[in-house]
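Asks: Going from the sequence shown to our numbering is simple: count from 1 and add 119.
Built from N, CA and C at the ideal position, the CB exists for glycine as well.
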Amino acid sequence: MRAAVRTAGSENKYVGIIFSSKDLFRTEYLDTINSLLNNGECNDLFSNDEMDGLYHAIGPSIKREYPNIIIDPKKFFNTRVRRNLHICLSLQPNGDTFKLILKNYVQIISSCQIYWIKDWTEEALLNEARSFMRERLESDELREKVARCMSEIHSFMLNECRQIPWTGSNEKDIKLPQSPPVKTPTDKKISKTNSTSSM
């Protein structure tokens with residue numbers, strides 16, 4: 120990340136970094152990403168002497184771009200970092216890292232576009248339901264049954280409302296079909312017959 124920030128700020132070049140959950144095992148990394156997205160500052164990455172060196176390196180660029188104005192090198196550097204550095208987080212929706220970000224790192228959520236690249240697996244839906252029900256029901260058996268029911272309903276609604284094809288869309292509004300398809304009892308019988316005959 121140090122090299123990426125240096126390239127984005129000092130050399131004024133576009134840089135992209137991709138992080139997975141495994142890369143973000145320490146909260147310090149999330150703190151740094153949060154700060155970079157918020158104001159372009161990266162105080163945790165460099166010592167004061169290193170930062171002074173980076174500010175000194177961009178002196179000619181500042182004079183070239185603003186010959187008659189006194190510009191704060193720190194603001195100039197941070198602006199370049201915010202403009203040139205692109206951060207991609209690849210996280211599982213049911214993972215601990217994603218939950219931690221949702222809870223403690225609002226700037227990451229508000230500054231990033233979220234793309235749901237792939238639909239949730241049945242296991243991921245079930246784990247989310249279990250986590251949701253953990254503090255709400257005392258009986259383990261009842262909690263498991265309710266969690267399974269919730270995950271199946273969620274999965275069913277995704278399929279019935281045809282939300283899966285546009286998973287990954289970055290549009291703000293999702294347009295639902297005018298009349299979602301409804302299976303009749305005969306459709307269900309046919310599909311059961313087909314699945315039985317194929318076995």
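Under the assumption that I136 contacts M120 (Cβ atoms under 8 Å), give the Cβ distance between them as a whole number of angstroms.
Replies: Numbered from its first residue, the sequence shown carries residue 136 at position 17. Numbered from its first residue, the sequence shown carries residue 120 at position 1. Contact flag correct, Cβ pair sits at about 6 Å.
Asks: Alpha carbon to alpha carbon, how far is P179 from L221?
Replies: Here residue 179 corresponds to residue number 60 of the sequence shown, with the count starting at 1. Here residue 221 corresponds to residue number 102 of the sequence shown, with the count starting at 1. Roughly 41 Å between the two C-alpha positions.
Asks: For L153, collect the residues of the same chain with a Cβ closer than 8 Å to its Cβ; drop the 5 residues on either side in sequence, then sort them by chain order.
Replies: For the purposes of this step, residue 153 is taken as the residue at position 34 of the sequence shown. Residue identity differs from the one stated: residue 153 is Asn in this sequence, not Leu. The answer, listed in chain order, is Y224, Q226 and I227.
Asks: What does I206 pair with, by DSSP beta-bridge criteria?
Replies: By 1-based counting over the sequence shown, the position of residue 206 is 87. I206 pairs with I136.
Asks: In chain order, which continuous runs of the beta strand (DSSP E) of length 3 or greater are located wholly inside the region 191 to 259?
Replies: 204 to 209
Asks: To the nearest whole angstrom, what separates the beta carbons of V134 and T126, a pair I think is in contact under 8 Å?
Replies: Along the sequence shown, one-based indexing puts residue 134 at 15. Along the sequence shown, one-based indexing puts residue 126 at 7. Confirmed, about 5 Å.
Asks: Tell me which residues share the same chain as V124 and place their Cβ nearer than 7 Å to its Cβ, disregarding the 5 neighbours each side in the sequence.
Replies: By one-based count along the sequence shown, residue 124 stands at place 5. Taken in chain order, the residues that qualify are C161, L164, V200 and L204.
Asks: Rounded to the nearest angstrom, how far is the Cβ of N158 from that of N197, given a contact under 8 Å?
Replies: Looking up residue 158 in the sequence shown gives position 39. Looking up residue 197 in the sequence shown gives position 78. Right, the Cβ-Cβ distance comes to about 6 Å (below 8 Å), so this counts as a contact.
Asks: Hey, S140 and T240: beta-carbon distance below 9 Å or not?
Replies: Taking the first residue of the sequence shown as position 1, residue 140 is located at position 21. Taking the first residue of the sequence shown as position 1, residue 240 is located at position 121. Going by beta carbons, S140 and T240 fall outside the 9 Å limit.
Asks: I think L156 touches G128, with their Cβ atoms under 8 Å apart; what is that distance to the nearest whole Å?
Replies: As a first step, residue 156 is located in the sequence shown; it is residue number 37 there, counting from the start. As a first step, residue 128 is located in the sequence shown; it is residue number 9 there, counting from the start. With 8 Å as the limit, L156 and G128 do not qualify as a contact, their Cβ atoms being about 15 Å apart.
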